[in-house]
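Q: Following this message is one structure expressed as structure tokens.
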Amino acid sequence: MRRKKIQWAPYMLLLPSLIYLAVFFAWPMVRALQLSVTGGGAELLTLYEEPGEESEVVALVPIQTEAPIVEIGTVEEELASGRTRDQYWYKLETIDKDGNEVTGWAPFFLLSLDAGRRDSTQARVVAGDTTESALTTSHIERMINDAKFMESIRTTLLLIIVILPLQFILAIVMALLLQSQLRGSTIFLYIYAIPLGVSDLAAGLIWLSIFQQSGYLNTVLEGLGILDDPYIFIQRDNRFTWVLFAVVLAEVWRATSIVMVIIVSGLQAIPSSLVEAGEVFGANLWQRLRYIILPLLMPSIQVALILRTILAFQVFAVLIAIAGSRSVATVMARETFYWYDPVGYGNPNVAAAYSGLIMILSLGIALIYLRTITTQEEKSRRVKT
Amino acid sequence: MTSTTLPQERTAEKVYQLSPEARIALRNRRIRRGCAYALAIAIAIWILMPMWLIATLAFSPGEDVLSYPRKFAPIPFSTDTMEFFLVDVQGTWEATVNSVIVAVMTLIMSTIIATPAGYAISRYVFRGRDAVRLGVLAVRAFPIVILAIPLATNFIRWGIHDTVYGVALMHTALALPTTILVISSVFASVPYEFEEAAKVFGASPLQAFFRVILPLVLPGIAAAAIFTFVMSWNEVFAASILTSSDARTLPAEILNGLTAGSSARFKFAGGFFMLVPSLIFIFLIRRYLFNMWGQITK
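For the record, the sequence lines run as chains U and A. Going by our numbering, 336 is the number at position 336 of the first sequence; the sequence numbering is gapless. Count along the second sequence from 1, then add 1000; that gives the number in our numbering.
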């Protein structure tokens, strides 16, 4: 409407956001996929022009190469105590990975010297300091062959299948209650919305206080006379079902609010005349819900489903909070975390492979939702016409 | 049309002489209303009860946190457990400060970057507008967990691994799509005519924006900023991966404590402390919730 010539203003206003998302979103995404398929090549030794790692790189040499030593030098190395020490460097005459004849310097600790003497004339390259950046499937294979791999996928999907229906039923009930003009509905809205701001870590700790052996659930059950002794619901190496049960409750407790808010805004968009018309024609509550409200809510439900599924793939702190870091039950996000964690396996490449898998699975499921829900709508439209 | 012109007296009469069917209908209505209240209250208890329980633990003396059976109210009331968590446990206070710094940096950066974009999307008709909207939505739909790993390897190279800046950069990327959408919806709720009127009276576009539009949209933008703060405060996966000791945020510190096998007092005081901002901030922004999340369905 206000377009006469090309307007540059909106593009200029969008530019900072687009640049930011390109640098910190699009590019890392590509990098993650790249990390998961590269860097698994052969180990290589770097040869330098002068002794010391500051000088120019001359060549990369494959390990296990035998090479004569042509010169010996030292580099001053600073120790943690602040004192300095001489580090021996050797100049090798050898053939690099591409078959060229090269000479260059390498430090003693990557070489095995003939007879182990400092002044020997022959050395063998025993270790590399870099890897060839070749395409490889080794990280993906390592991920798939890991004992926890299938289990983490199974548990993640199981949690999604159990949690999502519960959340949607509860969220629709909450939304209908908020829309039914009860007195004090603003207070109910606030209470129902509080979990929106609760992290999965806090939710996990809260439900730990309930399911712990000395927790509230045992206190109540014993108080009611159902149990004689506190029952151990959560344990490090078994009680898988109870761990999952606690995680399901914590997630339903925490993450139903977001579904509720999306559904309430969907409900607000439904013209009240339609629901009233149903009432006039004698439809009861269930019929109004089934034939009027739910079909009109479908777009909101679809959005909430996609959002919840993607978020469900990322949950891991709730599990660690409830079951501890060594629990038997594991989910994909947790495996990603431990593969990256320097205290864990410390392998960013396998972690990247996991994160790529999470991306493929969650987007795949989102696409399935989009397809099935739209085709259902189309079907019902076709029936009507 | 005929139904609206019904004489008033006839409807009034009906109220006085309720037929038996109408009386039953009225009674059923009351019962249904009662059930709705009961259900609404039950759900409210389901949400509040766990928070009450952890608050009870957080404000009980240390020996009560370990005792069994559990008490259901913090009697005797004590701040020992919270003090233990915040003062005695090494690192938690520093982590709290880090968390606040990261969250404030995130909300400043994301608001500054997102406000022009939100304004552009809501005010201009331009080629590629739908593509931009859709693109922003798509970014929201990507699993964000996967960004942390490649960013961490790069942050190490750039020298900002284990700094609050690194975590804030990552959190800004997480918050930006939502912030853009929310801010564009806030701008859309202010009629363009206001801006035009200001220009008619001689204001420059910038003056019109700062004098007329900004005061009107400020509460909405503040709500978006608060939500960004809460998101950053809560975020644990990326914060744990992008830090190793100095810049650990509170969730990362607590997660690390859990992995290292921490005490019950640490866990429950930490769980409660993590909860506090959400209680306050959701209350502050409750009027804007649908404005924020309703957007993504449109």
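Note that CB positions come from ideal geometry on N, CA and C, so glycine has one too. Note that the structure is a prediction, hence the values are computed from the model and not measured.
So that I know if they touch, is there some Cβ in chain A lying closer than 8 Å to that of L367(U)?
A: Not an interface residue.
Q: Report all residues from its chain with a CB closer than 8 Å to the CB of M120(U); omit the five preceding and five following residues, and keep chain order.
A: This sequence places Ser at residue 120(U); Met is not what is there. If we look at S120(U) and ignore the five residues flanking it on each side, its Cβ neighbours are I69, L113, D114.
Q: Determine the closest residue to L33(U) out of L1147(A), W1158(A), P1074(A), with distance taken between C-alpha atoms.
A: Measuring from the Cα of L33(U), the nearest candidate turns out to be L1147(A).
Q: By Cβ distance below 8 Å, which residues in the same chain neighbour F188(U) in space, the five residues on each side in sequence not counted?
A: Result list for F188(U): L177, L178, L182, in chain order.
Q: From the DSSP output, which residues share a beta bridge with I69(U)?
A: According to DSSP, which records beta bridges pairwise, I69(U) is partnered with L92(U).
Q: Which residues in chain A sit within 8 Å of S362(U), going by Cβ to Cβ distance?
A: Neighbours of S362(U) on chain A, chain order: P1143.
Q: Looking at the C-beta of P1277(A), does it have a partner C-beta in chain U at a distance below 8 Å?
A: It does: the Cβ of P1277(A) has a partner Cβ on chain U nearer than 8 Å.
Q: Can you check whether the CB of W89(U) is closer than 8 Å to the CB of P51(U)?
A: Contact flag set, yes.
Q: Compare the C-beta of G215(U) against all C-beta atoms of chain A and say whether one is closer than 8 Å.
A: Answer yes: the Cβ-Cβ gap between G215(U) and chain A drops below 8 Å somewhere.
Q: For G1166(A), which residues in the same chain have their Cβ closer than 6 Å to its Cβ, ignoring the five residues on either side in sequence?
A: Cβ neighbours of G1166(A) beyond the five flanking positions: F1155, I1160, L1242.
Q: Excluding five sequence neighbours on each side, which residues of the same chain lie with their C-beta closer than 8 Å to the C-beta of M1082(A)?
A: A1058, F1059, A1269, F1272, F1273, listed in sequence order.
Q: Within a Cβ cutoff of 8 Å, which residues of the same chain sit near T309(U), ignoring the five residues on either side of it in sequence?
A: Contacts found: I160, L164, S362, I365, A366, Y369.
Q: Excluding the five sequence neighbours on either side, which residues of its own chain have a C-beta within less than 6 Å of the C-beta of T65(U), listed in chain order?
A: Hits under 6 Å: T94, V125.
Q: Using DSSP with H/G/I as helix, E/B as strand and the rest coil, what is S1245(A)?
A: Of the three classes helix, strand and coil, the one that applies to S1245(A) here is coil, per DSSP.
Q: Just checking my contact of E1195(A) with A1208(A) at CB under 8 Å: how many whole Å lie between their CB atoms?
A: Yes, E1195(A) and A1208(A) are in contact; Cβ-Cβ is about 5 Å, under 8 Å.
Q: For L1181(A), decide whether its Cβ has a neighbour in chain C, counting only Cβ atoms nearer than 8 Å.
A: Absent from the structure is chain C; the protein chains it does hold are U and A.
Q: Should M150(U) go down as buried or exposed, given a rule of 16 or more other Cβ atoms within 10 Å for buried?
A: By the 10 Å Cβ count, M150(U) comes out exposed.
Q: Please classify W8(U) as buried or exposed, where buried requires at least 16 other C-beta atoms within 10 Å of its C-beta.
A: By the 10 Å Cβ count, W8(U) comes out exposed.
Q: Give the range of the alpha helix (DSSP H) segment to which T121(U) is assigned.
A: Note, T121(U): premise wrong, no alpha helix (DSSP H); not H, not E.
Q: Using a beta-carbon distance below 8 Å, is Q7(U) in contact with chain A?
A: Closer than 8 Å: yes.
Q: Could you give the distance in angstroms between the alpha-carbon of N349(U) and the alpha-carbon of E251(U)?
A: Going by the C-alpha atoms only, they are around 30 Å apart.
Q: Any residues in the segment 281 to 300 of chain U with a beta carbon nearer than 7 Å to a beta carbon of chain A? Which ones, in chain order?
A: The residues in question are P299, S300.
Q: Is S1278(A) near V1230(A), with beta carbons less than 8 Å apart?
A: Yes.
Q: Please specify which runs of the alpha helix (DSSP H), each continuous and at least 4 residues long, are wholly inside the segment 158 to 215 of chain U, giving them in chain order.
A: Complete alpha helix (DSSP H) runs here, min 4: 185 to 193, 200 to 211.
Q: Rounded to the nearest angstrom, how far is the Cβ of P1150(A) from that of A321(U), given a contact under 8 Å?
A: Not confirmed; about 27 Å, so no contact.
Q: Report the CB separation of I1307(A) from L1275(A) in whole angstroms; it is logged as a contact under 8 Å.
A: Since the displayed chain A opens at 1001 and closes at 1298, residue 1307(A) lies outside it and no answer follows.
Q: Let's see if you can read the secondary structure: which residues bound the alpha helix (DSSP H) around V102(U)?
A: V102(U) -> not in any alpha helix (DSSP H); beta strand (DSSP E) instead, spanning 101 to 107.
Q: Closer than 7 Å between beta carbons: that is the criterion. Which residues of the segment 1247 to 1262 of chain A meet it against chain U?
A: Those would be P1251, I1254, L1255, L1258, T1259, in chain order.
Q: Can you check which of these residues, I1121(A), I1031(A), T1056(A), is closest to Y11(U) by C-alpha distance?
A: Among I1121(A), I1031(A), T1056(A), the Cα nearest to that of Y11(U) is on I1121(A).
Q: Starting from Q34(U), follow its DSSP beta bridges and name the residues at the other end.
A: In DSSP, Q34(U) forms no bridge with anything.
Q: Give, in chain order, every residue of the segment 1105 to 1134 of chain A whose Cβ lies closer than 7 Å to some Cβ of chain U.
A: So the close ones are I1113, A1114, P1116, A1117, Y1119, A1120, Y1124, V1125, F1126, V1132.
Q: Name the DSSP bridge partner or partners of P1061(A)?
A: The partner list for P1061(A) (beta bridge, DSSP) is empty, contrary to what the question assumes.
Q: What does DSSP give as the partner residue(s) for R1027(A) in the beta ladder?
A: DSSP, once it has assigned bridges, lists no residue as partnering R1027(A).
Q: Would you mind sorting E1009(A) into buried or exposed? The rule is 16 or more other CB atoms within 10 Å of its CB.
A: Bear in mind that a pLDDT of 49 at E1009(A), under 50, signals an unreliable position, so the model cannot answer this.
Q: Short of 6 Å in beta carbon distance, which residues of its chain neighbour T1004(A), apart from the five on each side in sequence? Order them along the chain.
A: Since pLDDT at T1004(A) reaches only 46, below the 50 mark, its modelled position is unreliable, and the value read off the structure follows with that caveat. Around T1004(A): no qualifying Cβ.
Q: Between the Cα of A392(U) and the Cα atoms of V102(U), A312(U), W339(U), M298(U), which residue gives the shortest distance?
A: Outside the modelled stretch of chain U, which goes from 1 to 385, sits residue 392(U), for which no answer is possible.
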